[in-house]
Structure formats: structure tokens, C-alpha cells
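**Q** Here you go, one structure.
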Amino acid sequence: MINEPHYTPPVGWCIEPGPVGYADAVAAMEIRAAGIVARTSRELVWLLEHPPLYTAGSSADARDLVEPDRFPVHPTGRGGQYTYHGPGQRVAYVMLDVGRRFGDVRAFVRSLENWLITALDHFNVRGERREGRVGIWVARPEKSAPAGSMAEDKIAAIGIRLRRWVSYHGVSLNVEPDLSHYSGIVPCGISGHGVTSLADLGLPVTMDDADLALKSAFKSVFGSEAVESTSPLAGSRPKVRAV
């Protein structure tokens, strides 16, 4: 698949007003992705929150599920290992025609990283990549760490899946989740490092603030306008569940 130069049409942008069950979200994403493949649906970024749950990616190690009975556990086809989702975390499901926009999966993942880093910069937070570790990290010089190293925490996760060069699943940004919920897993299979949020960093950022930063950063990184779109739940007929 070869990307089309300057392929930057507007992308749908939908913020879900209430919590969405994980299975419902996956079903809606699969329908939307199929529509994008068929070129009958607009590309979409879907922002939502989930009730507390763990997801197990395609590389998940069962030993990393420390408390299997704490929250529902959902096997998922996205890449990666165990991840937590819950209230106070902004999940952004990204359904884009990666083949036409990038022609290369690595370039797409790089853009997702740049998107999160640029959004964090709105709050004067320096998000960084780490070799061999997926996601976005922040240095925590005020925390103790082994000699010769610096403490750092993960603030955003990335996990995608492609079907016929159309992406679904996406990224998550910790705005103000209950960080104690991460203790039930080894997040992304990475031990020895912590998890943080904008609130944990002492920033009084609301979900609306985070959404505005993500929208502005999306245009900057992907080069496309984000236009208001209806919820993909409307076309998939699943029920929105809060528990």
C-alpha cells in the first residue's frame, strides 16, 4: 500500500457523553472500520471513557494479571499487553485510512506519539518516547530511583490494530484516573516504572481541557481538520453500559 501525497481530508470527531462498555466500543469500531475500508464512512477519532476494566492485548502474559478478579478482563486484538481503562482516562479510538495517509505503520505510530506529546505540551508537560517501551513517559526527578537512573512514569498508552490498512483501537491519556487501579496488572508488561496522570503531576486539567488539547494537536500533527461527527454507537446498535 502506497500513501497518497497530501491525503489530509477532514476527520470525524466524536466525544461520547457517557461511559461505554468495552465490547460495545469494539463492535462499533469494527463496523466503522469496515465502512472506511469500503469508503462509505468518514475516518473518525472517537473520544470516550470506559468503566473500570483491564484489556489483554495480543502479547499479554497471564503472569502480568496480578488481580484477575478485580475488574472485568477483555481479550482484545490490538497490539500490546495488559492495559487499564477507567473513569478519568481519555480513550481516543483512531479509525484512519493508514494506507492512504502514511503507507507505513511505523510512520502512523510515530504520528500517534507526536499527537500525545504535542497535546501534553499544551500543559507544559514534556512527554517523551523510550526505546523499547511503548507509550509516552514523563521524567519524575522528585521521586527516588536506583543510582544512575531517573524515575519516570507512563502517562499515555498506545495500542492499535489494522484491518486492510484501516486502524482501530488507539491511545489513552491519563487525565485524572484512580491510579491505584493499575496495581491489578503489570501495565504493558513493564515493571520497575510507575504510572502517572495530569492530576498526579499537580495539574488541574479537566477532561474538556484535555479534549481541546487533543483536537488542536491532531490538526497540527495529522494535517486534517476535525469535524463534529455522530457517535458510531448510533449505527452499530449496541447498548451503552456504565457497568
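What the sequence shown shows, in the working numbering, is residues 222 to 464, in sequence order. Idealized CB from N, CA, C, for every residue including glycine.
According to DSSP, which residues form a beta bridge with H227?
**A** Taking the sequence shown and counting its residues from 1, one reaches residue 227 at position 6. Paired residue(s): none; H227 is not in a bridge.
**Q** Could you tell me which uninterrupted alpha helix (DSSP H) segments, each at least 4 residues in length, are contained entirely in the stretch 240-295, listed from first to last along the chain?
**A** As far as the stretch 240-295 is concerned, its whole alpha helix (DSSP H) runs of at least 4 residues are 243-258.
**Q** Go ahead and pull the three-state DSSP assignment for A463.
**A** For this step, residue 463 is matched to residue 242 along the sequence shown. Here the model assigns A463 a pLDDT of 35, short of 50, so the residue's position is not dependable, and the following value carries that caveat. The answer is coil: DSSP assigns A463 none of H, G, I, E or B.
**Q** Name, in chain order, the residues that DSSP records as bridge partners for W336.
**A** For this step, residue 336 is matched to residue 115 along the sequence shown. According to DSSP, which records beta bridges pairwise, W336 is partnered with nothing at all.
**Q** Which one of S404, E363, L454 has the shortest CA to CA distance from L422?
**A** Counted from its first residue, the sequence shown places residue 422 at position 201. That would be E363, whose Cα lies nearest to the Cα of L422.
**Q** Give a yes or no on whether 8 Å exceeds the smallest Cβ distance from D342 to chain D.
**A** Absent from the structure is chain D; it holds one protein chain and no more.
**Q** From E251 to S370, what does the alpha carbon distance come to, in whole angstroms?
**A** The count along the sequence shown starts at 1 and reaches residue 251 at position 30. The count along the sequence shown starts at 1 and reaches residue 370 at position 149. Between E251 and S370, the C-alpha separation is close to 42 Å.
**Q** If E449 sits next to W234, beta carbons under 8 Å apart, how far is it from one beta carbon to the other, in whole angstroms?
**A** The sequence position of residue 449 within the sequence shown is 228, counting from 1. The sequence position of residue 234 within the sequence shown is 13, counting from 1. Yes, they are in contact, since the Cβ atoms of E449 and W234 sit about 6 Å apart, within 8 Å.
**Q** Rounded to the nearest angstrom, what separates T427 and V396 at their Cα positions?
**A** On the sequence shown, position 206 is the one that residue 427 refers to. On the sequence shown, position 175 is the one that residue 396 refers to. Computed Cα separation, rounded: 7 Å.
**Q** Just curious, the alpha helix (DSSP H) that S441 is in, first and last residue?
**A** As a first step, residue 441 is located in the sequence shown; it is residue number 220 there, counting from the start. Boundaries of the alpha helix (DSSP H) harbouring S441: 428-443, taken from the DSSP string.
**Q** By how many angstroms is the C-alpha of I379 removed from the C-alpha of Y305?
**A** Against the sequence shown, residue 305 aligns to sequence position 84. Against the sequence shown, residue 379 aligns to sequence position 158. The alpha-carbon atoms of Y305 and I379 are separated by roughly 12 Å.
**Q** Once the 5 residues before and after P293 are set aside, which same chain residues still bring their CB inside 6 Å of it?
**A** Locating residue 293 in the sequence shown gives position 72, counting from the first residue. Excluding positions up to five away in sequence, the list reads L274.
**Q** Does the stretch 341-352 come close enough to the stretch 274-292 to have 3 or more Cβ pairs within less than 8 Å?
**A** no
**Q** What is the residue span of the alpha helix (DSSP H) that R311 lies within?
**A** The count along the sequence shown starts at 1 and reaches residue 311 at position 90. No alpha helix (DSSP H) contains R311, which is instead part of the beta strand (DSSP E) from 310-316.
**Q** Between the alpha carbons of R462 and V326, how many angstroms are there, rounded?
**A** Here residue 462 corresponds to residue number 241 of the sequence shown, with the count starting at 1. Here residue 326 corresponds to residue number 105 of the sequence shown, with the count starting at 1. Note on R462: pLDDT 38, under 50, position unreliable in the model; no value is reported.
**Q** Counting pairs of beta carbons, one from the stretch 374-393 and one from the stretch 305-316, are three or more of them closer than 8 Å?
**A** yes
**Q** Helix, strand or coil for R458? Go by DSSP, reduced to three states.
**A** To locate residue 458, count along the sequence shown from 1; it is residue 237. With a pLDDT of only 48 at R458, under 50, the local geometry of the prediction cannot be trusted, and the value read off the model is given with reservation. Note: R458 maps to coil in three-state DSSP.
**Q** Could you pull the DSSP bridge partners for D374 from this structure?
**A** Counting from one through the sequence shown, the residue named residue 374 turns up at place 153. For D374, which the question treats as bridged, DSSP gives the partners V359, G415.
**Q** If P238 sits next to P308, beta carbons under 8 Å apart, how far is it from one beta carbon to the other, in whole angstroms?
**A** Translated into positions along the sequence shown, residue 238 becomes position 17. Translated into positions along the sequence shown, residue 308 becomes position 87. Contact doesn't hold; Cβ gap of about 13 Å is too wide.
**Q** Is DSSP giving V326 helix, strand or coil here?
**A** Taking the first residue of the sequence shown as 1, we reach residue 326 at position 105. If DSSP states are grouped into helix, strand and coil, V326 belongs with the helices.
**Q** Sorted by chain position, which residues of the same chain lie with C-beta nearer than 8 Å to S401's C-beta, five sequence neighbours on each side aside?
**A** Counted from its first residue, the sequence shown places residue 401 at position 180. So no residue of the chain qualifies.
**Q** Return the first residue and the last residue of the beta strand (DSSP E) that I406 is part of.
**A** If you number the sequence shown from 1, residue 406 lands on position 185. Unbroken run through I406: none, as it is neither H nor E.
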